[in-house]
């Protein structure tokens, strides 16, 4: 889901952000105003002093008491005593730890709370759902500490007691009694009436535990007979279902129709520059925004990236500008090596967040269930078992998929996840990147990708799901590792997108490059399929204007620029923002494919605009979930079809002792000219427990003793890659799943071949 940014515009990359950080708690527990609820960096200590003066003497004494400070004196003396205890420096909060307003880098929640107040007044009972490590618990605690007379956090009893009415009642009484002392000896009805009369809110974090006790939650989730309306209740959880000790499953109660996916906006970069400097992190405003974008808008990941910057700078107060930030990151980023990076590296820091690497029952890659692997390889599904779905959601693997729209989604997006057919996908696209690499490394996960696109649009859709912001900007360039400037749209330039697309298409489809001929044409993306089909894609930023776009279009009709003119499939790719992309694409002259590409502000997905005929343009959304897609035209509305071009192929079974497939298919190779290989005879299966290349050599010798008369170690093994045969150099290399068409090849020394 894309995320919108709150605050004013900024230089650098503008990105709508996708995730949440451990948002900090307010140590001072200040009341929230309608607009600027909390002091932000740069606003100074005077703002904090002003907020303290808004508190009552008793509230000030409560704060002093918690710090073990003297309680006597006038109000101004109490305020100054608290101010004196405020440290000047801030710190980067540790992973999973709540941050403290006065001591930590603080990301404000005032806009979220303002919207939530309105929502609660309208709906009365609101269920906010978001992934793990997304700030739900922080929001709950923040509400209850900054506005303790309005929000009451009801802590869940132990899981074994979650179905017991009396345990929940005791927890509610403990939460409410601190502020409403008159309810101490009242029954549950009187307590609920008091909450209703005082316009207060019950807050249930991890509310799926509450669902296991209908006898209790029906007292207030439904409208009580003695009240005109329901009391206000805020429910928060990653899961929508709970279980009791007997294993019975309890769904989200029907009395909770106001169900929302919560995607908190990230604040504007200028709100954090000064705070970060107080934590010895020195970044320019656009460099801060770059890191927000790089982390796909996920607040927890952003905070961990700041910890990495802090260590890299090691107290050097020289401020990194956008150029330096991009360069440092591009040199530190390699999505093919998630599991190989040191703990103190950028990727190592990000892995400490549960939004990327889960803990608990599925922390070991060997224990990850096949259903999650299927989602990882093939995309969202509606076919999961309810019990497994709950487990995968609780640990952080999956979330309900919010249907894409052409608008930036609201912070609170309505979604009825109880509706039949609701799909669940990977909760975080950086998580998808991590687990694809981890499972490929640990359990030899492989996928099949359709390597025969029929159009340039079809070809582009193979790569787009892999083009997260981090992968788009992580290309080599100047001395800091990347081009330093940005386009007029405040996006990366076309070179960033095309280089990233070439890198992915080379891996997914095969022979893809950028052509650099000054006479025949400098084509940004040029792909040649095994059947000889050629695809030429020229890219241009929409901000360059109609004249420049037309010049790029005309290159395909220049007789001298044969790299363009002779390609069988031709496409002009226009990159920009959503606003007027449909109109820009529609006005390009016909004769070739025209595709508009508008990344959502967090680069967690792309809006794609494809010209059909005349000025008619169709559009759709492609998420960056690492699942290659396909595109084809249809005769009926909506006149096109988006399909999966990627399927799960193989993964080693989970457990401590991985097993191999029952047979490995091989074929003998010959090389008449000493350069190119050809298959000799038919492929055949080799059976046995084969763990690696060395085992395969021995098995081939044993399977065909009359054909192979050399020693097993004289056999060379080859794999099919990118349309050719590549020698397996490591004898310990694990074997992949094969079939008759996709087999290993082997060669034997000249003169070592017997009868076939």
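Residue numbers (the UniProt record's numbering): 1 to 756. By construction, the Cβ of each residue, glycine as well, lies at the ideal position given by its N, Cα and C atoms.
Check	Outcome
Identify the continuous beta strand (DSSP E) that holds residue 386 and give its terminal residues.	Residue 386 -> not in any beta strand (DSSP E); alpha helix (DSSP H) instead, spanning 386 to 395.
To which residues of the same chain is residue 270 closer than 6 Å at the C-beta, ignoring the five residues directly before and after it?	285
What are the partner residues of residue 541, as DSSP defines its beta bridges?	575
Count the other CB atoms within 10 Å of the CB of residue 57; is the residue buried (16 or more) or exposed (fewer)?	exposed
Measure the CB-CB distance between residue 125 and residue 232 and report whether it falls below 9 Å.	yes
Going straight from the alpha carbon of residue 278 to that of residue 103, what length do you get?	10 Å
With H, G and I counted as helix, E and B as strand and the rest as coil, what does DSSP make of residue 519?	coil
Would you kindly report the start and end of the unbroken alpha helix (DSSP H) that includes residue 646?	Note, residue 646: premise wrong, no alpha helix (DSSP H); beta strand (DSSP E) at 646 to 650.
Can you have a look at residue 646 and say buried or exposed, based on whether 16 or more other CB atoms are within 10 angstroms of its CB?	buried
Could you give the C-beta distance for residue 427 and residue 398, rounded to a whole number, given that I count them as a contact under 8 Å?	6 Å
On a CA-only basis, which of 433, 529, 256 is nearest residue 241? Give me that one, please.	256
Using the Cβ count rule (16 or more neighbours within 10 Å means buried), how would you classify residue 417?	buried
Around the Cβ of residue 579, are there at least 16 other Cβ atoms within 10 angstroms (buried) or fewer (exposed)?	exposed
For residue 644 and residue 454, I'd like the C-alpha separation in whole angstroms.	14 Å
Taking the alpha-carbon positions, what's the residue 626 to residue 317 distance?	38 Å
Using the beta-carbon count (16 or more within 10 Å), is residue 529 buried or exposed?	buried
Pairs of beta-carbons, one from the segment 125 to 138 and one from the segment 384 to 399, closer than 8 Å: are there three or more?	yes
Give the straight-line distance between the Cα atoms of residue 367 and residue 377, rounded to the nearest whole angstrom.	17 Å
Whole angstroms is fine: what's the gap from residue 743's alpha carbon to residue 717's?	11 Å
Could you check where the alpha helix (DSSP H) with residue 348 kicks off and where it finishes?	346 to 350
Where does residue 67 sit, in a helix, a strand or coil, going by DSSP?	coil
Would residue 436 pass as a contact of residue 508 if the rule is Cβ separation under 9 Å?	no
Measure the CB-CB distance between residue 127 and residue 238 and report whether it falls below 9 Å.	no
Could you say which of 459, 443, 401, 671 lies nearest to residue 449 if we only look at CA atoms?	459
Along the beta strand (DSSP E) that carries residue 236, what are the first and last residues, could you check?	232 to 237
Between residue 92 and residue 105, how many whole angstroms is the CB-CB distance? I'm expecting something under 8 Å.	6 Å
Quickly, what does DSSP pair residue 671 with across the bridge? List them, please.	Answer is none; residue 671 lacks a bridge partner.
When you compare each of 549, 748, 200 to residue 668 by their alpha carbons, which one comes out closest?	748
Any contact of the segment 559 to 575 with the segment 530 to 548, i.e. 3+ C-beta pairs under 8 Å?	yes
For residue 76, tell me which candidate among 69, 65, 236, 52 has the shortest Cα-Cα distance.	52
Helix or strand or just coil, what does DSSP make of residue 398?	strand
For the beta strand (DSSP E) that residue 613 lies in, which residues bound it at each end?	605 to 613
Would you call residue 385 buried or exposed, if buried means 16 or more other Cβ atoms sit within 10 Å of its Cβ?	exposed
Relative to the C-alpha of residue 721, which candidate in 709, 706, 732, 745 has its C-alpha closest?	745
Since residue 510 and residue 563 are thought to touch, with beta carbons under 8 Å apart, how far apart are those beta carbons, to the nearest angstrom?	So it is not a contact: roughly 18 Å between Cβ atoms.
Here's a check: name, in chain order, each residue in its chain whose Cβ is nearer than 8 Å to the Cβ of residue 79, leaving out the five neighbours to either side.	49, 52, 53, 60
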